[in-house]
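Residue numbering for the sequence shown is 1 to 262, as defined by full-length UniProt numbering.
Data block below; observations after.
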Amino acid sequence: MPRFAANLTMMYNEHAFLERFPAAARDGFKGVEFLFPYEHAAAELQARLRDNGLTQALFNAPPGDWAAGERGIASLPGREDEFKRSIATALEYTQALGNKKLHVMAGLIQPQQDRARHRAVYLENLAYAAAQAAALGVTIVIEPINTRDIPGFFLNRQDDAQAICAEVGASNLQVQFDLYHCQIVEGDLAVKLKRDMVRPQAGIGHIQIAGVPERHEPDIGEINYPYLFELIDTLGYQGWVGCEYRPRAATSDGLGWLKPWL
């Protein structure tokens with residue numbers, strides 16, 4: 001049965017951030033994820049996890065200037081030193097919070113910019129991040145994101161992400177398969193899960209879900225999630241499934257879809 005983690009950045013916004021941990025636990029979640037932990041002391045977040053019996057599934061490495069519109073720096077030429085510092089910061093938090101998966105966002109590219117140059121920087125930075133993470137037992141994951149939600153995002157397709165992981169060749173570098181993003185960009189979700197879950201290199205390190213097209217609860221929209229949850233089980237996936245969606249109203253009121261899976 002899939003193990004679901006509440007995304008505390010998108011869910012439970014009716015509560016202050018630190019109060020989202022007990023709210024998720026009350027609703028039956030055993031795991032949580034969120035975008036970034038860096039506004040809070042690691043010890044404070046660690047206590048919230050411990051006190052509520054929660055496991056930290058995932059968070060993102062620092063993405064650059066998020067408020068100014070940056071969405072990662074891993075593929076940005078000239079930002080390599082900043083990237084290395086960001087990985088050091090992120091790995092300090094993984095050691096405190098206990099998560100074994102760390103998402104590294106690729107960043108944006110403009111049409112006039114040199115994609116080959118960005119790709120070369122991306123591969124070099126991912127190799128560095130994977131090497132640093134390996135010593136701590138952490139896996140780096142990269143995520144293809146649709147360009148409707150994030151126009152200009154460097155990485156958009158599952159096959160491109162798998163090819164990048166294979167080229168880097170690190171055993172602790174995998175793909176974060178967000179079914180919402182994949183459905184928007186390319187569809188054919190079941191076939192891609194079957195193809196990528198069993199790859200000898202790379203493969204799928206983390207899964208996320210949301211309804212399509214509005215990014216609400218997974219029981220609304222064009223994706224047949226009960227079928228996909230059964231498939232994920234059949235394929236032997238042992239990781240967390242992150243619920244990265246925007247609730248239509250109060251988060252707890254919209255969790256009817258989850259009850260059969262708890």
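Note that the Cβ used here is the ideal one computed from N, Cα and C, for glycine as well.
Just so we're clear, the structure is a prediction, and the values are computed from it rather than from any experiment.
(request) Answer yes if the stretch 193-200 comes into contact with the stretch 235-242, meaning at least three C-beta pairs across the two stretches below 8 Å, and no otherwise. (result) Yes, the stretch 235-242 touches the stretch 193-200.
(request) Could you spell out where the alpha helix (DSSP H) holding Lys100 opens and where it closes? (result) That residue, Lys100, is in no alpha helix (DSSP H); it is neither H nor E in DSSP.
(request) Write down every uninterrupted run of the alpha helix (DSSP H) in the stretch 183-217 whose length is 4 residues or greater and which is fully enclosed by it, in chain order. (result) Listed in chain order, the complete alpha helix (DSSP H) runs (minimum 4 residues) inside the stretch 183-217 are 189-197.
(message) Please report the straight-line C-alpha distance between Asn125 and Ile87, rounded to a whole angstrom.
(response) Each residue's alpha carbon lies about 10 Å from the other.
(message) For the structure I just gave you, are there three or more beta carbon pairs, one from the stretch 133-144 and one from the stretch 87-103, closer than 8 Å?
(response) Touching, yes, given that three or more Cβ pairs across the two stretches are closer than 8 Å.
(request) Give me the Cα-Cα distance between Arg20 and Asn156, rounded to the nearest whole angstrom. (result) Within the model, the alpha-carbon separation for Arg20 versus Asn156 is close to 30 Å.
(request) Take Tyr93 as the anchor and find which of Ala67, Asn60 and Gly72 has the nearest alpha-carbon. (result) The residue from Ala67, Asn60 and Gly72 with its alpha-carbon nearest to that of Tyr93 is Asn60.
(request) Report the partner residues of Cys243 according to the DSSP bridge assignment. (result) Beta bridge pairing from DSSP links Cys243 with Ala6 and Ile209.
(request) Take Val32 as the anchor and find which of Gly187, Gln162, Asp219 and His206 has the nearest alpha-carbon. (result) Looking at Gly187, Gln162, Asp219 and His206, the one whose alpha-carbon comes closest to that of Val32 is His206.
(message) Just to confirm my understanding: we take Ile145, look at its own chain, exclude 5 residues before and 5 after, and list those with CB closer than 6 Å. What are they?
(response) Residues of the same chain with a CB within less than 6 Å of the CB of Ile145, apart from the 5 flanking positions on each side, are Phe153 and His181 in chain order.
(request) Grab the span of the alpha helix (DSSP H) containing Thr234 for me, first residue to last. (result) Start and end: Tyr225 to Thr234.
(message) How far does the beta strand (DSSP E) with Gln176 in it extend, from its first residue to its last?
(response) Gln176 -> beta strand (DSSP E) spans Leu173 to Asp178.
(message) Within a Cβ cutoff of 7 Å, which residues of the same chain sit near Ala130, ignoring the five residues on either side of it in sequence?
(response) Setting aside the 5 residues that flank it on each side, Ala130 is surrounded in the same chain by Ile140, Val168, Ala170, Asn172 and Leu173, each with a C-beta closer than 7 Å to its C-beta; the list follows chain order.
(request) Please classify residue 276: does DSSP put it in a helix, a strand, or coil? (result) Absent from the model: residue 276. The displayed extent of the chain is 1 to 262, so no value can be given.
(message) Please state the DSSP three-state secondary structure of Thr55.
(response) Reduced to three states, the DSSP call for Thr55 is strand.
(message) Considering Cα atoms alone, identify which of Leu228, Asp81, Leu35 and Leu91 is closest to Gly187.
(response) It is Leu228.
(message) Within a Cβ cutoff of 8 Å, which residues of the same chain sit near Ala43, ignoring the five residues on either side of it in sequence?
(response) The residues are Ala96.
(request) From the DSSP output, in three-state form, read off Leu108 for me. (result) DSSP places Leu108 in strand when its eight states are reduced to three.
(message) Our contact map puts Ala202 next to Ala166 with C-beta atoms below 8 Å; I'd like the distance itself, whole angstroms only.
(response) A Cβ-Cβ distance of about 5 Å is found for the pair Ala202 and Ala166, placing them in contact under the 8 Å criterion.
(message) Using a 10 Å radius around the Cβ and a threshold of 16 neighbouring Cβ atoms, would you call Arg48 buried or exposed?
(response) Buried.
(request) Can you tell me the Cβ-Cβ gap for Val175 and Gln162, rounded? I've got them flagged as a contact below 8 Å. (result) Rounded, the Cβ-Cβ distance is 6 Å, consistent with contact.
(message) Considering Cα atoms alone, identify which of Phe34, Gly242, Asn52 and Asp160 is closest to Glu217.
(response) Taking only the C-alpha atoms, the option nearest Glu217 is Gly242.
(message) Using only CA atoms, which one of Trp257, Met197, Asp219 and Leu108 lies nearest to Ile232?
(response) Closest option to Ile232, Cα to Cα, is Met197.
(request) Grab the span of the beta strand (DSSP E) containing Glu14 for me, first residue to last. (result) That residue, Glu14, is in no beta strand (DSSP E); it is neither H nor E in DSSP.
(message) Between the alpha carbons of Lys84 and Pro200, how many angstroms are there, rounded?
(response) Answer to the nearest angstrom: the Cα atoms are 28 Å apart.
(request) Report the residue from Leu18, Met1 and Pro260 whose alpha carbon sits nearest the alpha carbon of Arg50. (result) Minimum Cα distance to Arg50 is reached at Leu18.
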